[in-house]
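Heads up, the thing below is written out as structure tokens.
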Amino acid sequence: MPRSIKAKPAAPAAAANPAGHREHASFPPLVIAEIQRAAREGIYDIRGLGAKRRLPSFDDLIFLGASISRYPLEGYRERCATNVTIGARYAKKPIELKIPITIAGMSFGSLSANAKEALGRAASEMGTSTTTGDGGMTKEERRASKILVYQVLPSRYGHDPDHMRSCEAIEVVVGQGAKPGGGGMLLGLKVTERVAGMRTLPVGIDQRSACRHPDWTGPDDLEIKIAELREVTDWEKPIYVKVGATRVKYDVALAVKAGADAVVVDGMQGGTGATQDVFIEHVGIPTLPAVRQAVEALQELDMHRKVQLIVSGGIRTGADVAKALALGADAVSIGTAALMALNCNAPIFLEDYARLGTAPGYCHHCQTGRCPVGVTTQDRELEARLDPELAARRVRNYLSTMVLEAQTLARACGKSHLHNLEPEDLTALTVEAAAMAKVPLAGTDWVPGRGGA
Amino acid sequence: MIEVDVEALGVRALNERLHRLPPDTNERLWKITNPKGAHALAAGLDRPLTIEIEGHVGYYCGGMNKQAEITIRGHAGPGLAENIMSGVIRVTGNASQSAAASGRGGLVVIDGDASSRCGISMKGVDIVVGGCVGHMSAFMAQAGHLVVCGNAGAHLGDSIYEAVIYVGGDVESLGSDCIEKPMTDVHRSKLEQLLASAGLRARAERFRRFGSARQLYNFKVDHAAQY
Chain A
245 MPRSIKAKPA
255 APAAAANPAG
265 HREHASFPPL
275 VIAEIQRAAR
285 EGIYDIRGLG
295 AKRRLPSFDD
305 LIFLGASISR
315 YPLEGYRERC
325 ATNVTIGARY
335 AKKPIELKIP
345 ITIAGMSFGS
355 LSANAKEALG
365 RAASEMGTST
375 TTGDGGMTKE
385 ERRASKILVY
395 QVLPSRYGHD
405 PDHMRSCEAI
415 EVVVGQGAKP
425 GGGGMLLGLK
435 VTERVAGMRT
445 LPVGIDQRSA
455 CRHPDWTGPD
465 DLEIKIAELR
475 EVTDWEKPIY
485 VKVGATRVKY
495 DVALAVKAGA
505 DAVVVDGMQG
515 GTGATQDVFI
525 EHVGIPTLPA
535 VRQAVEALQE
545 LDMHRKVQLI
555 VSGGIRTGAD
565 VAKALALGAD
575 AVSIGTAALM
585 ALNCNAPIFL
595 EDYARLGTAP
605 GYCHHCQTGR
615 CPVGVTTQDR
625 ELEARLDPEL
635 AARRVRNYLS
645 TMVLEAQTLA
655 RACGKSHLHN
665 LEPEDLTALT
675 VEAAAMAKVP
685 LAGTDWVPGR
695 GGA
Chain B
19 MIEVDVEALG
29 VRALNERLHR
39 LPPDTNERLW
49 KITNPKGAHA
59 LAAGLDRPLT
69 IEIEGHVGYY
79 CGGMNKQAEI
89 TIRGHAGPGL
99 AENIMSGVIR
109 VTGNASQSAA
119 ASGRGGLVVI
129 DGDASSRCGI
139 SMKGVDIVVG
149 GCVGHMSAFM
159 AQAGHLVVCG
169 NAGAHLGDSI
179 YEAVIYVGGD
189 VESLGSDCIE
199 KPMTDVHRSK
209 LEQLLASAGL
219 RARAERFRRF
229 GSARQLYNFK
239 VDHAAQY
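Taken in order, these protein sequences are the chains called A and B.
Numbering of the first sequence is given in our numbering, commencing with residue 245 and proceeding in unit increments.
Numbering of the second sequence is given in our numbering, commencing with residue 19 and proceeding in unit increments.
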């Protein structure tokens with residue numbers, strides 16, 4: 245059994261400090277606990293979800309509602325449209341989404357079949373897309389999803405041209421925000437007979453996915469690869485390129501040059517099913533500066549709104565959606581938040597959280613396959629805790645709420661379409677956010693890094 | 019036989035024509051001339067066609083092939099027959115890197131040499147190379163067979179899973195977790211069968227077999243240096 249499957253003792257000293265002892269700034273209890281864990285086990289910590297550290301985020305931006313200089317729209321009467329078309333650059337059949345929030349790629353294997361089905365159903369009911377993941381397409385998710393984006397990944401596990409032909413769009417995954425430059429992992433307990441069969445792997449191994457595509461390297465090859473995918477699917481499907489946010493300006497420009505119809509930029513808050521903690525916390529840039537850099541790259545190429553930008557990584561609320569769109573994204577994608585709507589970290593089955601050495605609100609043990617709420621597991625008993633119909637309802641409600649929230653903010657700014665939101669509707673609460681999002685610090689005209697006032 | 023000058027018709031029009039053939043088509047024999055290094059030629063086929071390509075092809079010729087038998091009379095660029103599902107793809111000359119990458123079934127025959135990463139991520143395809151293969155061949159190879167009649171470059175079979183490699187010549191070096199394994203009668207007869215299906219003549223007796231030591235299948239602290 246891989247080490248990280250074992251329940252781990254919670255860091256005892258981290259919990260409380262009733263006597264008011266002086267904490268070491270460089271070696272607080274959590275750091276000490278991690279040093280001692282490493283000393284005990286001799287290998288890095290592997291976990292799920294995304295960066296847990298505090299980062300500059302959309303929370304550091306606020307909207308400037310309309311007043312005398314601009315007028316708002318009536319909150320409950322005047323229309324605020326939310327639709328988005330993706331892929332009109334080259335695809336014969338672009339996809340039409342009713343809402344600008346899509347479900348990100350998460351593998352069957354990492355997620356249970358019930359979780360995949362629930363996401364598919366919810367997305368279909370809301371008129372948006374869901375995405376396959378590392379390990380191929382399942383019948384359940386194809387059936388449940390009206391608009392399904394098929395990922396072409398470095399591992400090519402289960403890659404099937406028939407599946408590619410059956411989907412509505414194709415996403416070439418170069419990287420993801422949780423681990424730009426890293427391949428996937430699926431630890432032994434989740435590599436069940438079905439999962440292993442789909443991936444052509446031995447049952448129970450700790451699966452390590454490739455981090456590079458097997459048949460192309462660099463932007464010039466990518467262009468030829470995309471052309472091949474178009475040839476195989478007769479130029480029908482939109483082709484996305486997904487990158488983890490690092491050198492965003494260059495990567496977005498190169499993806500556009502390589503012929504992408506849409507670019508997906510995943511910030512470092514983006515989640516994972518299993519990755520080294522050091523990778524999650526120390527590689528990639530936050531979503532906030534990534535959006536701005538991606539938009540600038542598109543604008544410089546005169547491709548903004550022609551090549552769609554889909555942003556992901558830590559999107560949680562309608563406010564996040566509205567802010568990402570105001571900065572110039574065409575749509576956002578949610579992964580972790582969708583899992584939370586399914587029940588991830590819900591305060592139920594408390595004893596099973598305890599068995600993993602954690603508690604609701606803190607759990608990131610997707611890698612163990614012992615998900616207490618049946619979302620990230622391949623265990624039949626645990627999976628049965630997630631009723632796909634009820635779970636789909638929750639995700640649908642959540643998506644619906646986010647859309648209503650985003651519309652509320654857009655109407656307050658006088659916008660009849662979410663895409664009419666603009667950077668000028670935003671201001672920053674911190675100097676860092678002002679510099680990263682390139683909007684003025686609240687109450688000033690100051691954008692750090694820009695000349696003038 | 020239907021003859022198509024791909025330089026005149028264009029790759030797009032040719033591929034579309036091949037994709038639109040009905041399952042019971044009578045148009046089964048094709049000769050494609052003037053490929054001149056075109057990419058994605060005859061990619062994504064799913065019909066029992068026999069196609070002869072007269073000349074050199076670029077990237078991804080026969081990519082994701084199902085059913086079709088494609089013969090390239092010339093050399094092939096990178097990603098030949100990538101993710102092949104079934105059918106046969108043969109190159110009379112040499113193939114560039116990543117030949118038959120992540121192939122899941124079918125047979126790929128390279129009469130000449132293959133460059134680096136031949137059979138990378140292979141998932142069930144059988145690959146028979148008349149000449150030599152470059153470095154990192156059969157990297158992370160999951161299933162299927164790679165037969166190399168000549169020599170193999172450095173790091174053969176690095177991080178290999180359950181694929182089986184047969185090499186007739188010398189191996190420069192083996193990658194992590196790849197080891198030599200004994201040749202039994204079962205393996206010899208499988209090898210003979212693969213050579214025969216490829217139409218290549220080589221004495222099975224001189225081949226050695228390589229596969230996974232299965233030491234990297236689960237994370238272990240003691241293997242940290244090999245990861």
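The beta carbon of each residue, even a glycine, is placed where N, CA and C say it ideally should be.
query, result
"Inter-residue spacing [alpha-carbon to alpha-carbon] between residue 641/A and residue 367/A", "11 Å"
"For residue 228/B, three-class secondary structure by DSSP", "strand"
"Contact with chain B by residue 257/A, beta-carbon distance below 8 Å", "Any answer about residue 257/A is weak, because its pLDDT of 45 lies below 50 and its placement is not dependable; what the coordinates show is given next. So, not an interface residue."
"Residues that DSSP places opposite residue 394/A in a beta bridge", "414/A"
"Inter-residue spacing [alpha-carbon to alpha-carbon] between residue 125/B and residue 140/B", "12 Å"
"Chain A residues whose Cβ lies nearer than 8 Å to that of residue 135/B", "458"
"Any chain B beta carbon closer than 8 Å to residue 454/A", "yes"
"Option nearest residue 480/A by Cα separation, candidates 472/A, 487/A, 385/A", "472/A"
"Neighbouring residues, chain A, relative to residue 139/B (Cβ below 8 Å)", "399, 400, 454, 458"
"Residue 99/B vs residue 81/B beta-carbon contact at 8 Å", "yes"
"Nearest-angstrom Cα separation, counted from residue 675/A out to residue 461/A", "38 Å"
"Beta-carbon neighbours of residue 449/A, restricted to chain B and to distances below 7 Å", "235, 236"
"Buried versus exposed, by CB contacts within 10 Å (16 or more), residue 603/A", "exposed"
"Residue 494/A, buried or exposed, once every other Cβ within 10 Å from all chains shown has been counted against 16", "exposed"
"Close beta carbons around residue 295/A, own chain, < 6 Å, minus the five adjacent residues each side", "512, 513, 524, 525"
"Environment of residue 423/A [buried if 16+ CB atoms lie within 10 Å]", "buried"
"Interface flag, residue 84/B vs chain A, CB-CB below 8 Å", "yes"
"C-alpha gap between residue 138/B and residue 433/A, whole angstroms", "26 Å"
"Within chain A, partners of residue 165/B - CB distance below 9 Å", "By Cβ distance, chain A contributes nothing, its closest Cβ being about 19 Å from residue 165/B, past 9 Å."
"For residue 180/B and residue 446/A, believed in contact at Cβ under 8 Å, the rounded distance", "6 Å"
"Bounding residues of the alpha helix (DSSP H) (the contiguous stretch that carries residue 198/B)", "Unbroken run through residue 198/B is the beta strand (DSSP E), 196-199; no alpha helix (DSSP H)."
"Beta-carbon neighbours of residue 57/B, restricted to chain A and to distances below 7 Å", "468, 471, 472"
"Proximity of residue 186/B and residue 159/B at Cβ, strictly below 8 Å", "no"
"N-terminal and C-terminal residue of the alpha helix (DSSP H) that residue 506/A is part of", "First-last for residue 506/A: 506-510, but that is the beta strand (DSSP E), not the alpha helix (DSSP H)."
"Start-to-end residues for the alpha helix (DSSP H) that takes in residue 163/B", "Where residue 163/B is concerned, there is no enclosing alpha helix (DSSP H), although the beta strand (DSSP E) it sits in stretches over 161-166."
"Sheet register partners of residue 468/A (DSSP bridge)", "Paired residue(s): none; residue 468/A is not in a bridge."
"With 16 other Cβ atoms within 10 Å as the buried cut-off, status of residue 487/A", "buried"
"Spatially closest choice to residue 377/A from 401/A, 371/A, 358/A, by CA coordinates", "401/A"
"Reduced DSSP category for residue 268/A - H, G, I as helix; E, B as strand; rest coil", "coil"
"Close Cβ partners of residue 547/A (< 6 Å) along its chain, the five nearest in sequence each way excluded", "500"
"Straight-line gap, residue 520/A to residue 655/A (C-alpha atoms, nearest Å)", "42 Å"
"Cβ distance (whole Å) where residue 218/B is taken to contact residue 148/B below 8 Å", "5 Å"
"Contact set for residue 228/B: own chain, Cβ-Cβ below 6 Å, skip 5 residues either direction", "175, 183, 196, 198"
"Near-chain A residues of the region 25-48 of chain B (beta-carbon distance less than 9 Å), N- to C-terminal order", "29, 30, 33, 34, 37, 38"
"Beta-carbon proximity of residue 630/A to residue 354/A, cut-off 8 Å", "no"
"Whole-angstrom C-beta distance between residue 363/A and residue 639/A, which should lie under 8 Å", "6 Å"
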